[in-house]
Amino acid sequence: MGVEVHDPCWLADVPGAELVVALDEVGEHAADGHRVTVLIDLVPDNVSMLRALATEAVGEGARKVRVRPYGVDRVDLVYAAVELNRVAEDSTVEVQFDVTSAALLRADPAAFVRVDPLVVKADGTVVPICAGLERYALGSLGSFDDLVAAWDPEPVRDLCRLALDRALADTGPLVSWYEHLTRTAAGMPAGC
142 MGVEVHDPCW LADVPGAELV VALDEVGEHA ADGHRVTVLI DLVPDNVSML RALATEAVGE
202 GARKVRVRPY GVDRVDLVYA AVELNRVAED STVEVQFDVT SAALLRADPA AFVRVDPLVV
262 KADGTVVPIC AGLERYALGS LGSFDDLVAA WDPEPVRDLC RLALDRALAD TGPLVSWYEH
322 LTRTAAGMPA GC
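Here it is as structure tokens:
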């Protein structure tokens with residue numbers, strides 16, 4: 142199961158985890174010798190700057206660029222995909238664009254009913270899949286193995302199934318899966 146941490150203090154507690162930081166933190170953590178993934182939130186205001194932001198992150202030492210869209214329309218998603226492809230080709234860096242094709246959602250819906258990666262937030266809270274799913278948190282990091290062993294992932298799978306139904310209604314060629322997931326979670330009743 143993949144694990145990402147958002148503060149390097151947790152790397153020792155979760156060996157093999159991926160360090161994910163904001164653009165302004167890349168240089169500092171890369172200089173400390175960490176393999177850094179930069180997380181860029183793609184919003185309508187920064188779509189035209191995406192390539193420059195990603196290139197800056199690579200220049201600061203990021204080994205992977207991850208882009209998470211939120212509130213971006215279909216045209217901008219396609220534009221961002223093209224720009225990120227250029228970044229990957231120009232700098233031979235790994236790029237992860239947190240979208241999927243609508244065709245893949247329809248062809249393999251079971252692949253989206255999953256509970257990983259686990260995300261260790263800066264405060265040590267462990268949530269499944271991505272930030273925004275705090276109501277499904279496993280708890281605070283102590284013993285990672287004990288935390289995972291005591292966790293019931295079925296409510297997260299139920300959330301994924303509901304988000305999948307909503308995402309399948311999206312008619313664009315690209316679908317922002319994590320956005321559907323977090324919006325569905327935010328709309329769930331408090332008892333879930």
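Residues in the sequence shown are numbered consecutively from 142, following our numbering. Ideal Cβ placement from N, Cα and C applies to all residues, glycine included.
Neighbourhood of residue i by C-beta distance below 6 Å, restricted to the same chain and skipping five residues each side
{"i": "Gly265", "result": "Ser281, Leu282"}
{"i": "Gly313", "result": "Arg215"}
{"i": "Asp239", "result": "Arg209, Tyr319"}
Cβ-Cβ distance between residue i and residue j below 9 Å
{"i": "Ala195", "j": "Glu230", "result": "no"}
{"i": "Tyr277", "j": "Val289", "result": "no"}
{"i": "His147", "j": "Ala272", "result": "yes"}
{"i": "Leu191", "j": "Arg209", "result": "no"}
{"i": "Leu303", "j": "Trp292", "result": "no"}
{"i": "Leu259", "j": "Gly174", "result": "no"}
{"i": "Asp154", "j": "Phe285", "result": "yes"}
{"i": "Val297", "j": "Leu274", "result": "yes"}
{"i": "Ala222", "j": "Val188", "result": "no"}
{"i": "Asp311", "j": "Ala243", "result": "yes"}
{"i": "Ile270", "j": "Asp287", "result": "no"}
{"i": "Leu309", "j": "Val254", "result": "no"}
Rounded C-alpha distance that separates residue i from residue j
{"i": "Leu246", "j": "Ala171", "result": "35 Å"}
{"i": "Val228", "j": "Glu295", "result": "37 Å"}
{"i": "Ala163", "j": "Val184", "result": "15 Å"}
{"i": "Arg307", "j": "Glu145", "result": "26 Å"}
{"i": "Glu201", "j": "Pro250", "result": "37 Å"}
{"i": "Gly205", "j": "Glu166", "result": "For the record, residue 205 in the displayed sequence is Lys; it is not Gly. Going by the C-alpha atoms only, they are around 14 Å apart."}
{"i": "Ala248", "j": "Glu235", "result": "25 Å"}
{"i": "Leu157", "j": "Arg176", "result": "It should be pointed out that residue 157 corresponds to Gly in this sequence rather than to Leu. Gly157 and Arg176: Cα-Cα distance of roughly 11 Å."}
{"i": "Tyr211", "j": "Thr241", "result": "14 Å"}
{"i": "Cys150", "j": "Lys262", "result": "11 Å"}
{"i": "Gln237", "j": "Val161", "result": "12 Å"}
Buried versus exposed, by CB contacts within 10 Å (16 or more), residue i
{"i": "Thr323", "result": "buried"}
{"i": "Cys301", "result": "buried"}
{"i": "Thr337", "result": "Residue 337 lies beyond the range of the chain shown here (142 to 333); nothing can be said about it."}
{"i": "Glu159", "result": "buried"}
{"i": "Ser317", "result": "buried"}
{"i": "Ala203", "result": "buried"}
{"i": "Thr325", "result": "buried"}
Proximal residues to residue i (C-beta, below 8 Å), its chain only, five neighbours per side dropped
{"i": "Ala198", "result": "Leu164, Val167, Val179, Ile181, Val206"}
{"i": "Val219", "result": "Pro314, Leu315"}
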